[in-house]
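Numbering (this note's numbering), first residue to last: 147 to 276.
Since the structure comes first, as C-alpha cells, the remarks are kept for the end.
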C-alpha cells in the first residue's frame with residue numbers, strides 16, 4: 147500500500163549559483179561520502195547536485211517529515227543506481243531506524259532533468275496501514 151508520495155522540482159540555475167559561491171563545501175552538505183566519489187568524476191556537477199538534492203527532498207516529503215527532521219540530513223542519505231541506471235536509496239544506518247519506525251517496506255525513486263530543471267518523485271510503501 148502506498149504510504150507516501152514526495153516530489154521536488156529544482157531550478158538548476160539556483161543550484162549553480164550556490165555551487166559557484168560555496169563550491170565543494172556545498173557538495174559536502176548535499177552528498178554522502180560515496181556520492182562525493184561519483185560527483186568528483188561527474189561531467190556535469192550542477193546537474194548531479196540538483197538531481198541528488200531533488201531526490202532527497204522528495205524522500206523527506208514522502209516520509210512526511212521534510213529534511214533536517216529526525217536526523218534526515220541530505221549528506222546522510224545515499225543514492226546509487228543499478229546496472230541499468232535505475233536510481234535507488236541505500237538504506238544505511240541513518241535511514242534504517244527511520245524506515246523501521248515509519249514501517250516503510252519499499253521506496254521507489256524516479257529522477258528526471260532538463261537543462262533548466264531537475265525533478266524527483268519518491269513513493270514509499272508499507273504493508274497496509276497508514
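Yeah, the Cβ is synthetic: ideal placement off N, Cα and C, and Gly gets one too.
Rounded to whole angstroms, what is the Cα-Cα separation between residue i and residue j?
i	j	result
residue 164	residue 158	10 Å
residue 213	residue 203	6 Å
residue 239	residue 253	16 Å
residue 210	residue 248	10 Å
residue 226	residue 233	6 Å
residue 155	residue 228	23 Å
residue 168	residue 274	44 Å
residue 255	residue 176	17 Å
residue 243	residue 237	9 Å
residue 172	residue 190	15 Å
residue 152	residue 267	6 Å
residue 188	residue 208	28 Å
If you run the structure through DSSP and keep just helix, strand and coil, what is residue i?
i	result
residue 195	helix
residue 249	coil
For residue i, count neighbouring C-beta atoms within 10 Å of its own C-beta (all shown protein chains included) and say buried if the count is 16 or more, exposed if not.
i	result
residue 181	buried
residue 261	exposed
residue 257	buried
residue 231	exposed
residue 166	exposed
Counting only beta-carbon atoms, is residue i nearer than 8 Å to chain B?
i	result
residue 229	Looking at the structure shown, chain B is missing, and only one protein chain is on hand.
Assuming the contact rule is C-beta atoms closer than 8 Å, residue i and residue j should be a hit. Round their C-beta distance to whole Å, please.
i	j	result
residue 264	residue 206	Between residue 206 and residue 264 the Cβ distance is about 16 Å, and since that is not below 8 Å, they are no contact.
residue 196	residue 161	4 Å
Task: Complete beta strand (DSSP E) runs within the stretch 173-244 (minimum length 3 residues, chain order) - done: Runs of the beta strand (DSSP E) lying entirely within the stretch 173-244, each at least 3 residues long, are 224-227 and 233-236 in chain order.
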